[in-house]
Structures are given as structure tokens and as C-alpha cells.
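Residue numbers (the numbering used here), protein chains in the order written: chain A, 77 to 432; chain B, 77 to 432; chain C, 77 to 432.
We put the CB at the ideal spot given by N, CA and C, even for glycine.
Here the structure is a predicted model, which means the values were calculated and not measured.
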Amino acid sequence: MTPGGLSLSELTAAIAERTSGRLLARVDGDPQRRVSAVAALDAAGEGELSFLANPRYRREAAGTRAGAVVVATAEANALRAANAASLVVVDPPYAWFALAAQLLHPVLRRTPGVHPTASVDPSAMVDPSATIDAGAFVGSGARVGARTVIGAGAVLGAAAVLGADVLLHPRAVVLERCEVGHRSIVHSGAVIGADGFGFAPLDGGWIKIPQVGRVLIGEDVEIGANTSIDRGTMGDTVIESGAKIDNQVQVGHNCFIGANTVIAGCVGLAGSARVGRNCMIGGAAGIAGHLSIADGCVIGPATVVSGSITQPGHYTGFFPIMNNRDFERTAAIVRRLDNLRRRLRALEAAAGGNAE
Amino acid sequence: MTPGGLSLSELTAAIAERTSGRLLARVDGDPQRRVSAVAALDAAGEGELSFLANPRYRREAAGTRAGAVVVATAEANALRAANAASLVVVDPPYAWFALAAQLLHPVLRRTPGVHPTASVDPSAMVDPSATIDAGAFVGSGARVGARTVIGAGAVLGAAAVLGADVLLHPRAVVLERCEVGHRSIVHSGAVIGADGFGFAPLDGGWIKIPQVGRVLIGEDVEIGANTSIDRGTMGDTVIESGAKIDNQVQVGHNCFIGANTVIAGCVGLAGSARVGRNCMIGGAAGIAGHLSIADGCVIGPATVVSGSITQPGHYTGFFPIMNNRDFERTAAIVRRLDNLRRRLRALEAAAGGNAE
Amino acid sequence: MTPGGLSLSELTAAIAERTSGRLLARVDGDPQRRVSAVAALDAAGEGELSFLANPRYRREAAGTRAGAVVVATAEANALRAANAASLVVVDPPYAWFALAAQLLHPVLRRTPGVHPTASVDPSAMVDPSATIDAGAFVGSGARVGARTVIGAGAVLGAAAVLGADVLLHPRAVVLERCEVGHRSIVHSGAVIGADGFGFAPLDGGWIKIPQVGRVLIGEDVEIGANTSIDRGTMGDTVIESGAKIDNQVQVGHNCFIGANTVIAGCVGLAGSARVGRNCMIGGAAGIAGHLSIADGCVIGPATVVSGSITQPGHYTGFFPIMNNRDFERTAAIVRRLDNLRRRLRALEAAAGGNAE
Chain A
77 MTPGGLSLSE LTAAIAERTS GRLLARVDGD PQRRVSAVAA LDAAGEGELS FLANPRYRRE
137 AAGTRAGAVV VATAEANALR AANAASLVVV DPPYAWFALA AQLLHPVLRR TPGVHPTASV
197 DPSAMVDPSA TIDAGAFVGS GARVGARTVI GAGAVLGAAA VLGADVLLHP RAVVLERCEV
257 GHRSIVHSGA VIGADGFGFA PLDGGWIKIP QVGRVLIGED VEIGANTSID RGTMGDTVIE
317 SGAKIDNQVQ VGHNCFIGAN TVIAGCVGLA GSARVGRNCM IGGAAGIAGH LSIADGCVIG
377 PATVVSGSIT QPGHYTGFFP IMNNRDFERT AAIVRRLDNL RRRLRALEAA AGGNAE
Chain B
77 MTPGGLSLSE LTAAIAERTS GRLLARVDGD PQRRVSAVAA LDAAGEGELS FLANPRYRRE
137 AAGTRAGAVV VATAEANALR AANAASLVVV DPPYAWFALA AQLLHPVLRR TPGVHPTASV
197 DPSAMVDPSA TIDAGAFVGS GARVGARTVI GAGAVLGAAA VLGADVLLHP RAVVLERCEV
257 GHRSIVHSGA VIGADGFGFA PLDGGWIKIP QVGRVLIGED VEIGANTSID RGTMGDTVIE
317 SGAKIDNQVQ VGHNCFIGAN TVIAGCVGLA GSARVGRNCM IGGAAGIAGH LSIADGCVIG
377 PATVVSGSIT QPGHYTGFFP IMNNRDFERT AAIVRRLDNL RRRLRALEAA AGGNAE
Chain C
77 MTPGGLSLSE LTAAIAERTS GRLLARVDGD PQRRVSAVAA LDAAGEGELS FLANPRYRRE
137 AAGTRAGAVV VATAEANALR AANAASLVVV DPPYAWFALA AQLLHPVLRR TPGVHPTASV
197 DPSAMVDPSA TIDAGAFVGS GARVGARTVI GAGAVLGAAA VLGADVLLHP RAVVLERCEV
257 GHRSIVHSGA VIGADGFGFA PLDGGWIKIP QVGRVLIGED VEIGANTSID RGTMGDTVIE
317 SGAKIDNQVQ VGHNCFIGAN TVIAGCVGLA GSARVGRNCM IGGAAGIAGH LSIADGCVIG
377 PATVVSGSIT QPGHYTGFFP IMNNRDFERT AAIVRRLDNL RRRLRALEAA AGGNAE
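Encoded structure:
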């Protein structure tokens, strides 16, 4: 937290500047009110900033003890009447709140330098402003950019490249020759650049196909905890700038993930899948290999994408949950749906018509 | 293993004491028979203890060479007739067996102290009876309780807290300010306290929302290998005492998991999901965000919980497996179920009735 | 890459020898043409080797600038007419290409020895030709075979055994008493030998069942990044030789995976599941516990195997993806399929027949 906090006036000025005027907030209340932290509507106290982005939470907003609430123009009047907090009125409020939270909870600036227990190959080029934590490993010929932090026990393979302001959390792994762009974040346990899963069959056994490509990660990307992104077999696996990937995600070799696409936890992408830009992939969805998903698609949770999707849209498919007894009965019917259809056809034929 | 083993009489006394008389076993056979290890019915030898908890395995129990078999009262007479092993008769037998296994296979008591290759911040408070293994990292202001073990290469972040008798297996990660209660176990590769997945949209891009909450884990909790539990955005992610979470599980920010709930492998919980107490969540189930599951629910494997569940019960939903040709045909019918229903309605209308 | 590359004649001779004559290729073109790397058809240049295994890519093969293309006999004539590249004609071409790629991209031979920051217990037996990287840990009584490499930060537990030419990638974990056979590869973040998930219920709580078995991994096995394989409760978890397991896979305690079986990413196997030999398990499939899958089965992606499969075959089951509106409607129909069936029966009864 920022000691002493910031006044609403300071926050609005800073965010207006940082967004080149895109987010201009109006303070409805006391611009000198100071806040030092963000908090949820129902937990916030006097010195804290909260927000109302979803009308569902109007009641919580009316009752909040937060010192200030960020709110959309459309909600401001109603909230003004109901609540004594100062309001910060801006559209969209959630983005403004996110930036305010960044200012109130800045990432701790780390002391530059290499911890004595870290292993840095003499041929690696580490910017003097970078931080290499205890037990971290930096391989031969690797490059580490300005202000980049390699956390405790993290591994950067030979000839791998991290841009500036990159954050490898403790125990993240970026293997040989892979690259991570400026301001990207790799969470603990993530593995970037393991071998893709490629084997040629011969006489019942399998011959390993060397995986000689790389993983190329753009700028402002976030890679979640315990996520795996395999290197390409021959070409590269590519994650474009602004993509956000959650925890426990598997990205196979030679996949492409477009800019600003968001992938929720537990998703699996088989090899050579291509996800367009500005997509949202729901948790635990599975994407088959060698297919394309158009820009701007939304895929529901636990949905199997088994073929290419060429039109933007919202696609879903998972078996609905039900009482277990009903499920047992329903599953038995699903197994014999063909029989049901046949019987329906027979009735239709008998009735002399067919609505199919 | 305990050198020389323990006699059945010693085991029954020790377990009766440890459970304050809750588990009083009767030895049917030789109380002085010594056992030094546990083994499955079909693999056990003379000096080994086995158990019969499921009547399905009666035949294996009858033929076992185990020195002793733990068995429920209801099964004892039949087994007595069929087998020469000493019996330990107790209800429930499986719990008694588990405690006997703990006594026969005690966790190796580790020599206290900090390995010379570990990095412990001088401001951390490490109980002198704790063990910090090779290459482990303990951050500033962290606290480590009595007899707690931090395995090789494990990471404890700044101001994080481990209670007494906690076991962090090699390469487990507990990040800044997170807390793990007494006797809890965190397996290798687990990541406790990575950032939740939170971004505010702005003009096609995403602004990171700082994740300033914690993960609070109660007592006697077990967290599986390569499982990820994200810290709360503003409040905390909470795992209550006695909960057991298997491998490869993803728990999103601000989730709540109630006491004694069991979560099998590969489950994903999206942010702010609330799972009640004494629930059992089947493997690879997926739980959507911002919903509640009542206490005492059983969720089947691979089931998507897409809305709140307010009544205890057993709920399931996954597509049944079938021959691939049948599947292709059935999937095509499912895609057009609406058409099937319409045709049924047409027939019903023609027949002058409607059973709907 | 091999400096200077290899001529097609050298490659064919080396592969024929390595396969004891099983893969005899014929060069159709210039046997002295040198290639130094492999590349995809559309990216390859003069000094590179590519391949055509799938007739779908005939057009790319015709237009490739690759110096040489590996191709099946049946495709050779057509490709010969369309393209100036030298051809390597062999059946099956993909296996030959894989071996050529191994020769052109050999795994870097590591300098033997123990890095000064590694921790190797004095009682461990490490072959002098093995390599122990920075920050790695080798426990008491562990054994490390000839030419085996333990990567940066990897952990080998007490009394664990690695055969010859094993490769533990950075941060892989092989815990106490587990064994990995010759030439097997364990990728970063994989955890071999964490405790199985076993608890006995007692009065609403859970008693941990000590997991005293091991994980036994055969030869030429590959274990993917962030995959978890639990040790057996009493017996062992067994992965037979030649099996290939992708990333983010969960293998429960006491599972058995037969020789040469391939398991794609994100698959979960519950405890005591038994998968036969030469099976292929699709990505994100889920296999329930205590069941068997016959040798030679193919399981589709995202398919739940809820009972034993006794016949080889191709089995699948996942809900088809559809437009979200159609999905909502279809899911509602699925929930009431029983009602649909009842109404069909009523119509059949009224019509005086029943095709069921």
C-alpha cells in the first residue's frame, strides 16, 4: 500500500494522465478524501476505495462504508442519493478502479542484483537493473531486460530472452531459446518451452520427434500458475501481446493465441490449434488440434471445440448437471437416442408425414 | 517402517488411546502377533497387516496370507471361518487400519535446522525445531512453526505463515502473506497464492487488477501435487480445516471451500465459487464462478456445476461414452434435439393430445 | 544442429543401421545433398529436410523449397513430377523423418559432473558420467545412472533410482524410492511420487492413509510438463516401457499404464485405473478409478470412461459444441429427455405399436 494513501483528486489526475485522457473521472463529493487501499463494497472502510460495476450489487453499494466508490455515470445519481461516500464517476468504472488499485497497491520495486545463491552463466546478459532471486538459474547466452525480476528458484534456459519489466514468479520456468516480451508476467510453476508431444509410430513403438521450435510470448501477457506452453516442433508456438492465460492451462506445440485473447483455467489446446484475437475461452474448455477459431469468439466453459469456428459468436457445449438418479436415466436415453429417433420416424411414417 | 513392528495388542491400545476410545478393536486370534507393515490382501505376508472394508473383496480376504486382517464386526465371523489370520475386529475397520498404517509407517522425524544451501531471510521467524531443506527459500517476515518441514527447493514468501507440523514437500510454493494451519500438507509443485485472474476490459485490451488478498488454509488440510490456489482479489481465498484437495486442481480467487470437503484431481473452481462443508467433488468436475454449493453435496466426476446448488444431494452430468460410430451419430442427434422435440409435438398435436 | 549437416546418403545409411535395416530409404535425386535441419514444408529452405506424411499436404509439398523431402513410396512419383527437391522415399516416412531429425538435432551432450550449487547426499551413488545441474537435489541413497542429466532445480528423493541416459528437465521432481528406467524423460514441473489421495472417513473427518508404495517407470517413457503421478498406497503405480504421457496429466495411486500407450494432455486417471498396452487416450479424457481398459483402445478427447472396457475399439463421448442459444435450448431438452421418451411411448401406445 501507498503510505498515507492518495486523494481522489490525485488519483483522477494520475489516471487521466496514464490513459492520455481516455479515462477522465469526475469526483462527486470530496476530492481531498484520501484512500490507501481497495476493498469490496461489503468489507471496505473509511480509508478504502470500492466500486460498483454490476447493477446487481446496488444494494451493497448503498450500504457500503467505503470512503469512495467508483461508479458509472448511469449509476451515479441513484447511488449519490443512497450513500454518503464520495463517488468517482467514470465510464467504464471497472477499468478506472483497476488502475486506481495499481496506484494504491504498487508492485514492490525490487533491489537490483543477483542473489549469492543464484546461478547466472557468465555468458548471460543481465541488465544491471534486473533482480535475480535466491536459487534462480540463468543459462548461457540468456538475456534479461531492465527491471526484470526472476523470482526464487525460477529457471531461465540457455539463450532465452526476457524483455524489460518482466516478472517471473518463484519457480517459473522459461526454457532454452524461448522469449517473453516486455511487462509480461509468468506465475509460479508455469513451464514455458517444454517439448511438444510428438512421436512417430513404428512397429508398435514410438520414435521421438525432436522439438526444435521455440515459444514466443508477446508483451503484457500473463501466464498462470502451473500452466504449460510447449515449444514448437519446427516452427514456434506464439502467444501474441495482451493475451491472458490462467492457471493449469495446457498449450500444445505450434499453437497460436491471438492478441488480447483470454483463456480461463484448466483449458487444454492440442497441437497447432489457432485461437484468434480478442477471444474468451471458458474454463476447462478443450480445443482440438489443427483447427482455427475466428477472432472475437466466446467459448463456454467445459466445451469441446472439435472443429474450426469461422464466425465470431458464442459457442457452448457441456452436459447439463442433474440429480444423479435423473442423470443415470438420462445418460441411458442418450446412449439410445438413435433408437428414439427411429421410433419417432416410424410414427411419422405411420401418420403419413415427416416434419424433419 | 517400525523396526520389529508392533503387536496387535500394542496397536489396539495405541489407537484406542489416540481416538479417546472411539475406536476400540477386539483381537480375534493372537494379540501378540507382530506386524511391521501394511499390505493389500493379495500381496500381504506373515508380518503384514491388511484389511477388508468392501465385501467385494471377501474372496481375497479368505485367501490372504496376511498376518492379521482388520475387519468390521459384520464380516468377522465369515472371515474367521475361512482364514487363519488373526483378525482385528472394529467398526469402521478402514479408519482403524489407516491409523494402524500411520503407526507402522511413521513419517520420518527430520533433523531440525536450516540446510546450508537454503536461503532464509534474517527477519523470518523459524522455530528451532523446524527443518528447512536444501535450496529452500524463506522470505522476509515469514513465520515457520514447530517441527514444520520445508522441503528441498520449496518457497515460502514474505510474511507467509506456516503453523506447527506443517509439511511443504519439495518445490511446493506458498507465496506472500498466505497462511497454512497446523498439520497441513502441501505437495510438490503446488502453488498457493498466485495472483487471481482479474482484468478490467478497456478498448479491446485488459488492465490488470492487483490481487491483494491472501490464501488462508486451515488445519489438517492436504493440497495435492501441482495444484494451484489463487489469492483473493481483495478479500481472501479460504480453505477450511480438514479439507482435502487432490492433484492438478485449480482454485480461483476468493473461493471458499468448507471444512472436511474432499476435492478429487483435475477439478477447476472459478473465482468466488463457494463449496460447503462435507462435500465430495468428483475428478475433473468444473465449478463456475460466483455460485454456492450447499453443505453435504456430492458432485459426480467431470460434471459442470453451472448454477448454485441449495440442497444437499448427489448431482452428476457428463456425456456417456460409447462406440465412436455411435457417438458420431448420437452427437448429430443431440445437435438437432430441438428438431426431434418439434416433430414429437407435431405428432402429439395431430393425435389430439400432449403429454408434456 | 550438426555443423555442416549431413548428406542424404549419410542419413540413409545411419538410419538403416540404427533400425537394423528396418527403415531402408531410397534417395530419388542427389544423395550428396546436405541438410542441416528439419523444417515444415512451407518454411523449409535449401539446406533443410522436410516431409510429406499426410496426403492433405501434397500442395505444400509440391511448392516447398526444402532441399529434400521424405515421402512414402505411394506419394513419390507424383511429388517427383511436381518438385525439384531431392526425395527420400521410405515407408513409413514419418518414422524415418523423426530419426533424421534426431541425427540433425542431437541432444546436447552435457559435461559430466555436479554443479557447485547442487546438493548431493554423500550416500547417493551418482555415475561419474552423469550431470547434476545448478540447485538440483539428490537425496540419501539415491542412484543416478550413466550419462543421466538432472536439470537445474530438479529433485531426486531419497533412495530413488534413475537409469542410464535419463533426462530430468529443470524442476522435475522424482520423490523417495521411485524409479525411472533408461532413456526416459521427465519434463519440467512433473511430480513423480507424491502421496496418493487416500483418506478413511471417521465421524465426518478424514484420516490420512500413509502412501507407502512407489512409482515405477519403465524405459523410453516420456512424462510431460506439470504432470503428476502419485505413488501407490501399498503396491506400486506402474508405467510400462515406451508409454508417452503429455503435460498436465494426473495419474492416481496404483494406476497401471501399459507399454507404448500414449496419453494426451490434461487427462486424469483416478486411483487403481488400469490402461492396457498400445492405447491412445485423447486430451482431457477422464478415467474413473478401479476399472480396466483393454489393450489397443482409442479413447476420444474429453471422454469420461466410467466403466471397464473389455474390447479394443474407438470410444468417445462429449457434448457437441453449438451456438450458445442452441445449447441453452438443447441442454433444457436433455434435462427432460425422460419426458420426451415418455411422450413418445404414449404416442406409440396410442398408435397400437412400439418399435422399442
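- Sorting D402/C, N400/C and L125/C by C-alpha distance to the C-alpha of R110/C places L125/C at the top.
- Not one beta carbon of chain C lies nearer than 8 angstroms to the beta carbon of F332/A.
- Between A142/B and A115/B a beta carbon distance of about 7 angstroms is seen, short of the 8 angstroms cut, so the two are scored as contacting.
- Within the region 335-361 of chain C, the residues whose Cβ lies closer than 7 angstroms to any Cβ of chain B are, in chain order, G344 and A346.
- In the displayed model, S304/B falls within a strand according to three-state DSSP.
- Closest in C-alpha terms to A234/B, from the list G362/B, D241/B and R219/B, comes R219/B.
- A Cβ of chain B is located within less than 8 angstroms of the beta carbon of H263/A.
- Here DSSP, grouped into helix, strand and coil, assigns V410/B to helix.
- For a Cβ distance threshold of 8 angstroms, residue set R411 of chain B lies close to M398/C, ordered along the chain.
- Burial state of A378/B is buried, judged by a 10 Å Cβ sphere holding 16 or more other Cβ atoms.
- Just measuring C-alpha positions, the residue of T303/A, N399/A and A276/A sitting nearest C342/A is T303/A.
- Note that the C-beta distance between A364/A and A349/A is below 8 angstroms.
- When Cβ-Cβ separations below 8 angstroms define contact, H245/B makes no contact with chain A.
- Pairing T88/C with A120/C gives a Cβ-Cβ distance that is not under 8 angstroms.
- The beta-carbon distance between D197/A and V225/A, rounded to whole angstroms, is 18 angstroms. This is too long to meet the 8 angstroms contact definition.
- Contact check for G289/A against D312/A passes: the beta carbons are separated by less than 8 angstroms.
- Here E316/C has G294, G334 and A335 as same chain residues with Cβ atoms under 6 angstroms from its own Cβ, once five neighbours each way along the sequence are excluded.
- Interface residue (Cβ-Cβ distance to chain A less than 8 angstroms): N415/C is not classified as such.
- In the three-state DSSP reduction, A144/B falls in the strand class (E or B).
- For P169/B, the uninterrupted alpha helix (DSSP H) segment begins and ends at P169 to L180.
- In this structure, the alpha-carbon of S260/A lies about 16 angstroms from that of L184/A.
- For L82/A, the closest C-alpha among the options A138/A, K284/A, L175/A and R247/A is that of L175/A.
- Of all residues in the region 307-325 of chain B, only G318, K320, D322, N323 and Q324 place a beta-carbon less than 7 angstroms from a beta-carbon of chain C.
- At a cut-off of 8 angstroms between beta-carbon atoms, H390/C makes no contact with chain A.
- Burial check for G221/C: the Cβ neighbour count within 10 Å reaches 16 or more, so the residue is buried.
- If you compare the alpha carbons of A144/C, A148/C and L367/C with that of L99/C, the shortest gap goes to A148/C.
- Taking the Cβ atoms as the reference, N130/B lies roughly 13 angstroms from V145/B, outside the contact range of under 8 angstroms.
- Taking G362/B as the centre and dropping the five residues before and after it, the same chain places the C-beta of G344 and V380 closer than 6 angstroms to its C-beta, in chain order.
- Listed in chain order, the beta strand (DSSP E) runs fully inside the region 246-306 of chain A are 267-270, 275-278, 281-284, 291-293 and 304-306, counting runs of at least 3 residues.
- DSSP, reduced to helix, strand and coil, places L99/C outside both helices and strands of the structure shown, so it counts as coil.
- At a cut-off of 8 angstroms between C-beta atoms, A119/B counts as an interface residue with respect to chain C.
- Interface residue (Cβ-Cβ distance to chain A less than 8 angstroms): E93/C is not classified as such.
- When DSSP states are grouped into helix, strand and coil, E122/C belongs to the coil group.
- Taking a Cβ-Cβ threshold of 9 angstroms, none of the residues of chain B is close to N153/A; the smallest such distance is about 23 angstroms.
- I397/A sits in coil when the DSSP states are folded into three classes, being neither helix nor strand.
- For P198/B, the closest Cβ of chain A is not nearer than 8 angstroms.
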